[in-house]
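Peer 1: Under numbering that gives the first Met the number 0, read the sequence shown as residues 0 to 219, first letter to last. I have a structure I would like to understand better, so I am pasting it below and will then ask my questions one at a time.
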Amino acid sequence: MSDDFDLGEISTPNPFIELIRTRHSVRRFTSEPVPGTYLRQIFQAAVAGPDAGNLRSPSLVLCCATALNRELGTLNRFSLVDNEYSDYKIEWEDGTVAAPGAGATDAFYGAPVVATIFGPDGYSFATEDATCMAMDILLACHALGLGACYITRAYETFLTPRGREIKYSWGLPDDYIGKMHIAIGFPDGTPPHIKDPNYEHLLVLVNDQDTFIVEPEYLR
Ligand SMILES: Cc1cc2nc3c(=O)[nH]c(=O)nc-3n(C[C@H](O)[C@H](O)[C@H](O)COP(=O)(O)O)c2cc1C
Numbered sequence: 000m001s002d003d004f005d006l007g008e009i010s011t012p013n014p015f016i017e018l019i020r021t022r023h024s025v026r027r028f029t030s031e032p033v034p035g036t037y038l039r040q041i042f043q044a045a046v047a048g049p050d051a052g053n054l055r056s057p058s059l060v061l062c063c064a065t066a067l068n069r070e071l072g073t074l075n076r077f078s079l080v081d082n083e084y085s086d087y088k089i090e091w092e093d094g095t096v097a098a099p100g101a102g103a104t105d106a107f108y109g110a111p112v113v114a115t116i117f118g119p120d121g122y123s124f125a126t127e128d129a130t131c132m133a134m135d136i137l138l139a140c141h142a143l144g145l146g147a148c149y150i151t152r153a154y155e156t157f158l159t160p161r162g163r164e165i166k167y168s169w170g171l172p173d174d175y176i177g178k179m180h181i182a183i184g185f186p187d188g189t190p191p192h193i194k195d196p197n198y199e200h201l202l203v204l205v206n207d208q209d210t211f212i213v214e215p216e217y218l219r
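Spelled out as structure tokens, the structure:
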């Protein structure tokens, strides 16, 4: 192992890489509705991702119905109480904590649009396909100037009787299960920033000469 390698200098940053680097989770939204042309572009991005065997397994619902989103957000939050994540808490920049009983009743943070990705129950690549779609949606939102946040527990949300009812009303078959949600809207005062490079990932570069550990300073 050595740290003597050359990752070069970047004179002109690639705009798409910079877009990826400045994406971050947004959990505060204005009430401004998201225009139809933006929703169309989110759908376009969502179906462009890779998927195992080109089988197009995920289904996507973008819900802009305010009352329904708040109801689903509450179902999602309460599905926290009684499962393996029951002591899960989110703490963000200003020290606010969201957890069941801590005053956070809408897991979608009041977002005007909530994306839900569904996948076929029991299909081995359903989660991977859905995750690729989710990532494209997160980046598309960022590119459009929208804020977005990945929200888990879609599976539990749509297991509830009311969740099932909503799922059927959207035309999803019984054997499609919730994979994840994405809360989407115009960000309320959270400027884009590059994530702290002091990551804990193990990053390794291997070439014909050696194996290198890539330290955070190389990625600033
Ligand atoms: C699988 C997964 C589940 C997540 N679930 C939630 C969630 O339920 N609620 C939430 O506010 N954020 C959730 N997040 C967002 C993460 O907290 C966030 O991505 C992480 O803190 C890194 O911050 P960043 O997205 O700003 O880079 C989730 C992210 C992933 C990938």
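Cβ atoms here follow ideal geometry from the backbone N, Cα and C, with glycine treated the same way.
1) Comparing alpha-carbon positions, which option in Asp5, Asp105, Asp135, Asp195 lies nearest Ile116?
2) Could you tell me the boundaries of the beta strand (DSSP E) in which Cys131 lies?
3) Whose CA, out of Leu67, Asn53, Gly48, lies closest to the CA of Arg161?
4) Using the rule of at least 16 other Cβ atoms within 10 Å of the residue's Cβ for burial, across every protein chain shown, is Phe227 buried or exposed?
5) Val205 bridges to which residues according to DSSP?
6) So Val25 and Pro186 are in contact, right, with Cβ under 8 Å, and what is the actual spacing, rounded?
7) Measure the C-alpha to C-alpha separation of Phe124 and Ala51 and round it to an integer number of angstroms.
8) Using 10 angstroms around the beta-carbon of Asp173, count the other beta-carbons present and answer buried if the total reaches 16, otherwise exposed.
9) With a CB to CB cut of under 6 Å and the five nearest residues on each side skipped, what residues in its chain are close to Asn75?
10) List the whole-angstrom C-beta distance separating Leu138 from Ile181, where the pair is believed to meet the contact cut-off of C-beta under 8 Å.
11) State yes or no: is the C-beta of Cys140 within less than 8 Å of the C-beta of Ile19?
12) Determine, using beta carbons only, whether Ser237 and Leu171 come nearer to each other than 8 Å.
13) Is Ala106 helix, strand or coil when you go by DSSP?
14) Going by the beta-carbon positions, is the gap between Leu213 and Val203 smaller than 8 Å?
15) Going by Cα to Cα distance, which pick from Pro191, Val60, Tyr217 is closest to Leu143?
16) Can you determine whether any heavy atom of ligand 1 sits closer than 7 Å to the C-beta of Thr151, and answer yes or no?
17) With a threshold of 7 Å, establish whether the CB of Arg225 neighbours any heavy atom of ligand 1.
Peer 2: Per the coordinate set shown:
1) Measuring from the Cα of Ile116, the nearest candidate turns out to be Asp135.
2) Counting along the chain, Cys131 falls outside any beta strand (DSSP E), though it belongs to the alpha helix (DSSP H) covering 125 to 142.
3) The candidate whose alpha carbon is nearest that of Arg161 is Leu67.
4) Look at the range of the chain in this structure, 0 to 219, and you will see that residue 227 is not part of it.
5) When beta bridges are read from the DSSP output, Val205 appears opposite Thr210.
6) Taking C-beta atoms under 8 Å as the contact rule, Val25 and Pro186 qualify, at a distance of about 5 Å.
7) The alpha-carbon separation between Phe124 and Ala51 amounts to approximately 7 Å.
8) Its Cβ having fewer than 16 others within 10 Å, Asp173 is exposed.
9) The beta carbon of Asn75 is closer than 6 Å to those of Ala106, Arg152, Thr156 in its chain, skipping five residues each way along the sequence.
10) About 11 Å separates the beta carbon of Leu138 from that of Ile181, a gap too long to meet the 8 Å contact definition.
11) Result no, Cβ atoms of Cys140 and Ile19 do not sit closer than 8 Å.
12) As displayed, the chain neither begins before 0 nor continues past 219, which places residue 237 out of reach and without an answer.
13) Residue state for Ala106 is assigned as coil, using DSSP reduced to three classes.
14) What sits at residue 213 in the sequence shown is Val, not Leu. Taking 8 Å as the Cβ cut-off, Val213 and Val203 qualify as a contacting pair.
15) Nearest of Pro191, Val60, Tyr217 to Leu143, Cα basis: Pro191.
16) Checking the Cβ of Thr151 against ligand 1 gives yes.
17) The shown model of the chain, from 0 to 219, leaves out residue 225, and the question about it has no answer.
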